[in-house]
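Reviewing the structure listed below.
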């Protein structure tokens, strides 16, 4: 079911003003809670513009960019839809499936370029001291990045556990 601009704005403002939670606000305005969540996320990224009707034709380059960011940043389809102001998160799902089937030449070309730029494996014995030092710095940075990512993912999981009522 489609909802007009007014109902979306009123429901989102009601929720964001802290009057009620998602479920109660959704019930009050007779909209699905999942729609209210999507509208709220889109509104937080794009303001009122998120609810303006616009016939959108997305370029292949834009679609490839959305797929790339969604996969690289491990975004959910809904959060990617909110971030890029795409009305239906299923659209992104279709784009990802198409990308995996190499339907996007731009994405395929970008992936091929990434593969071509990889350095050939050089044995440490054949490296100069400067190259070894550069390799150590790179590996340390990579390890620090992965540790930070793990910590962020762990804290996100813990926050979800705390915010989810453990009724059953």
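Residue numbers (the working numbering): 286 to 453.
The C-beta atom is built at its ideal place from N, Cα and C for all residues, glycine as well.
Distance between residue j and residue i (C-alpha atoms, nearest Å)
| i | j | result |
| --- | --- | --- |
| residue 406 | residue 347 | 34 Å |
| residue 349 | residue 380 | 8 Å |
| residue 387 | residue 302 | 44 Å |
| residue 299 | residue 316 | 13 Å |
| residue 343 | residue 368 | 15 Å |
| residue 382 | residue 376 | 10 Å |
| residue 330 | residue 323 | 11 Å |
| residue 401 | residue 448 | Because the pLDDT of residue 401 is 46, which lies under 50, any placement of that residue in the model is unreliable, and the number read from its coordinates should be weighed accordingly. Taking the straight line from one Cα to the other gives about 45 Å. |
| residue 288 | residue 336 | 10 Å |
| residue 314 | residue 384 | 38 Å |
| residue 353 | residue 426 | 23 Å |
| residue 399 | residue 444 | Bear in mind that a pLDDT of 47 at residue 399, under 50, signals an unreliable position, so the number given afterwards is only what the model happens to contain. Roughly 35 Å between the two C-alpha positions. |
| residue 306 | residue 290 | 20 Å |
| residue 345 | residue 378 | 15 Å |
| residue 436 | residue 370 | 29 Å |
| residue 341 | residue 442 | 35 Å |
| residue 292 | residue 355 | 29 Å |
| residue 410 | residue 422 | 17 Å |
Same chain, Cβ closer than 6 Å to residue i, neighbours up to 5 away in sequence not counted
| i | result |
| --- | --- |
| residue 429 | none |
| residue 438 | none |
| residue 418 | none |
| residue 308 | 318 |
| residue 415 | none |
Nearest candidate by alpha-carbon position, reference residue i, set the options
| i | options | result |
| --- | --- | --- |
| residue 374 | 385, 361, 382, 384 | 361 |
| residue 320 | 357, 302, 366, 341 | 366 |
Whole-Å CB distance - residue i paired with residue j, under 8 Å assumed
| i | j | result |
| --- | --- | --- |
| residue 363 | residue 326 | 7 Å |
| residue 333 | residue 294 | 7 Å |
| residue 351 | residue 328 | Not a contact, Cβ separation roughly 19 Å. |
Cutoff 8 Å; reference residue i; Cβ partners in own chain excluding five residues on either side
| i | result |
| --- | --- |
| residue 412 | 420 |
| residue 431 | none |
| residue 311 | 296, 317, 318, 320, 321 |
| residue 434 | none |
Three-way DSSP call (helix, strand, coil) for residue i in this model
| i | result |
| --- | --- |
| residue 303 | coil |
| residue 359 | coil |
| residue 331 | helix |
| residue 412 | coil |
| residue 316 | coil |
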